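Chains as they are written, first to last, in this note's numbering: chain P, 5 to 169; chain F, 29 to 490.
Note that CB positions come from ideal geometry on N, CA and C, so glycine has one too.
Remember, it's a predicted structure, so these values are computed and weren't measured experimentally.
Data block below; observations after.
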């Protein structure tokens with residue numbers, strides 16, 4: 005049976021983060037969240053609940069919104085990962101970052117990176133969502149400050165500007 | 029106690045054959061992990077039963093759907109997002125589609141799999157009652173070969189299943205014979221979404237010649253395993269749906285289930301809710317097949333329209349898409365009263381931005397059209413504002429000025445239920461409402477919009 009004192013070896017795991025190829029040495033069951041924050045120092049991804057309920061650790065994994073606290077890093081081998089640090093283009097804010105700023109879509113800021121990534125995923129899937137679709141798209145992301153109205157408005161505004169652009 | 033990753037080992041062999049070979053070589057040693065939405069939660073809590081995990085995420089043999097003339101075979105690795113996006117699931121198995129929508133937020137739907145939900149065997153899983161009423165069968169696979177078992181026999185006790193130590197669930201088979209049935213799904217929890225159910229129901233039925241011809245009811249969260257209500261079904265079958273039958277069904281259901289007391293709810297509450305849900309299902313089943321009166325005929329046809337079409341028809345009554353979606357999602361609606369009640373419920377759950385969307389589809393009082401309105405809406409607006417159009421020009425001018433002042437102050441057009449009101453009355457009300465603070469005025473405008481909507485819904489039925 006399993007031997008408690010036996011330490012498993014670390015493994016080399018490669019993926020692309022925010023457009024750059026990265027190779028890390030990690031235990032296969034390390035959470036993607038911890039690898040991003042501790043090894044790659046991408047601390048924009050936050051830990052909230054650690055059990056997939058709150059969405060503050062949201063990242064895009066091959067374009068899909070996921071909770072990085074629930075991803076064993078081995079399952080990210082070869083994946084294309086986008087974190088909040090990869091959303092802006094250099095000094096130019098992403099459209100959603102801009103509209104969150106204008107609409108006061110952030111208060112304490114803990115949920116904001118996850119909200120932006122969930123909204124990015126939503127607008128990729130549905131460029132002109134209804135308000136109900138916006139709320140559903142963000143439903144796995146909890147805001148403890150309960151500033152939801154401004155967040156929803158920021159996403160709606162981004163989709164309007166996207167339609168014009 | 030939290031787990032430490034150095035105590036664990038995970039491998040990803042990459043093919044179904046390699047995984048089942050491993051399960052045979054070391055039976056009971058390896059815990060399969062797909063999207064991790066359950067396993068990683070247990071891991072975080074230090075509750076994993078094994079220190080060796082084998083990844084089955086994204087295995088091509090499991091993440092597929094096969095469609096034949098008589099059934100669909102859904103791969104166990106199909107995610108909730110995959111299910112939501114599949115056309116045949118949406119059209120022919122709406123109860124499963126609905127359950128997929130209910131399960132977690134988008135991120136968890138992107139990772140959670142139908143096979144994982146089945147094997148994890150939580151009695152509270154929302155998709156399991158749907159599988160029961162659709163008569164699902166499971167294909168279990170090991171190096172010994174495949175076997176096919178009825179899903180109804182799969183759960184043998186709380187979190188216990190028929191799965192042998194060397195087996196995986198490969199696919200879920202659903203017969204394609206329920207497309208014409210009326211389907212009903214509802215979950216009752218502490219909140220509408222993102223809450224584990226206290227009781228959830230999936231039910232299918234068909235009425236012909238005025239009596240219940242076929243009926244299938246399953247409940248989740250009520251017993252250690254998802255439960256099919258065979259006795260209640262028998263009690264109802266062959267009978268006409270009337271108030272006596274609803275009462276009988278309610279009692280039969282409450283007697284048949286032996287609900288659990290747990291952290292989320294009490295047995296008594298669950299029995300009462302389960303009885304009510306069964307009665308509500310029968311009521312709607314009756315409505316869906318009822319055919320009397322012209323308004324009813326119109327509603328019966330509208331009840332059966334695809335969601336998009338049903339939304340676009342009802343949007344002329346109120347321009348908020350969230351409202352329209354809310355009303356449509358409450359179908360089938362039996363009569364005018366049910367329609368108005370659904371509209372009221374949908375309207376009360378909207379956000380301010382949805383109200384504004386509805387306001388934008390009205391023309392300014394005294395003008396002929398709004399930028400967003402449908403032709404039907406334009407016609408109704410003209411009828412509603414007839415008195416204003418026919419009033420003297422001095423009042424019209426004063427109205428136009430007050431309108432502009434209102435728009436400057438509140439940043440939207442002035443909304444009033446104008447039916448039956450003279451131009452002078454409207455002008456008085458407008459001047460009074462100009463003195464409101466922003467929050468009061470928003471709610472007053474929303475109430476006016478609700479009244480307009482209800483007048484229009486009544487016209488719509490004719």
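- Contact annotation: the stretch 72 to 92 of chain F touches the stretch 102 to 110 of chain F, with at least three C-beta pairs closer than 8 Å.
- A Cβ-Cβ separation of about 7 Å places residue 318 of chain F in contact with residue 328 of chain F under the 8 Å criterion.
- Taking a Cβ-Cβ cut-off of 9 Å, residue 114 of chain F has no neighbours in chain P, whose nearest Cβ is about 15 Å from it.
- Among the residues of chain F, none has a CB under 9 Å from the CB of residue 42 of chain P; the nearest is roughly 12 Å distant.
- Less than 9 Å separates the beta-carbon of residue 151 of chain F from that of residue 248 of chain F.
- Below the 7 Å Cβ cutoff, chain P contributes 135 as neighbours of residue 382 of chain F, in chain order.
- In the three-state reduction of the DSSP assignment, residue 212 of chain F falls in the strand class.
- Secondary structure note for residue 136 of chain F: its alpha helix (DSSP H) is the uninterrupted segment 134 to 139.
- Residue environment for residue 230 of chain F: buried (at least 16 other C-beta atoms within 10 angstroms of its C-beta).
- Beta-bridge partners of residue 19 of chain P (DSSP): P:26.
- Within the stretch 70 to 82 of chain P, those residues whose Cβ lies closer than 9 Å to any Cβ of chain F are, in chain order, 70, 71, 73, 74, 75, 76, 77, 78, 79, 81.
- Proximity of the stretch 444 to 453 of chain F to the stretch 474 to 485 of chain F meets the contact definition, three or more beta-carbon pairs being nearer than 8 Å.
- The C-alpha of residue 468 of chain F lies about 11 Å from the C-alpha of residue 475 of chain F.
- Counting only runs that start and end inside the stretch 263 to 300 of chain F, the alpha helix (DSSP H) elements of at least 4 residues fall at 271 to 284.
- Residue F:234 holds the alpha-carbon nearest to the alpha-carbon of residue 312 of chain F among F:348, F:144, F:388, F:234.
- Legend: CB atoms of the stretch 29 to 58 of chain P lying less than 7 Å from CB atoms of chain F belong to residues 31, 32, 33, 34, 54, 55, 56.
- Just so you know, the alpha carbons of residue 64 of chain P and residue 21 of chain P end up roughly 10 Å apart.
- Interface residue (Cβ-Cβ distance to chain F less than 9 Å): residue 84 of chain P is not classified as such.
- Close CB contacts of residue 282 of chain F within its chain, under the 6 Å cut and outside five residues either way in sequence, are with 299, 303 (chain order).
- Residues of the stretch 119 to 146 of chain F that bring their beta carbon within less than 7 Å of a beta carbon in chain P comprise 132, 133, 134, 135, 136, 138, 139, in sequence order.
- For residue 166 of chain P, the uninterrupted alpha helix (DSSP H) run begins and ends at 152 to 168, by DSSP.
- Taking 9 Å as the CB threshold, residue 49 of chain F stays off the interface with chain P.
- In the assembly as shown, residue 171 of chain F is an exposed residue. Its beta-carbon has fewer than 16 other beta-carbons within 10 Å.
- Here residue 127 of chain F is buried, its C-beta having at least 16 other C-beta atoms within 10 Å.
- Contact annotation: in the stretch 432 to 445 of chain F, no residue has its CB less than 9 Å from a CB in chain P.
- When C-alpha distances from residue 183 of chain F are compared across F:256, F:428, F:118, F:213, the shortest belongs to F:256.
- Separation of residue 97 of chain F and residue 125 of chain F (C-alpha to C-alpha, rounded to the nearest whole angstrom) is 20 Å.
- No residue range can be given for residue 85 of chain F, since it is assigned to no alpha helix (DSSP H) and is classified by DSSP as neither H nor E.
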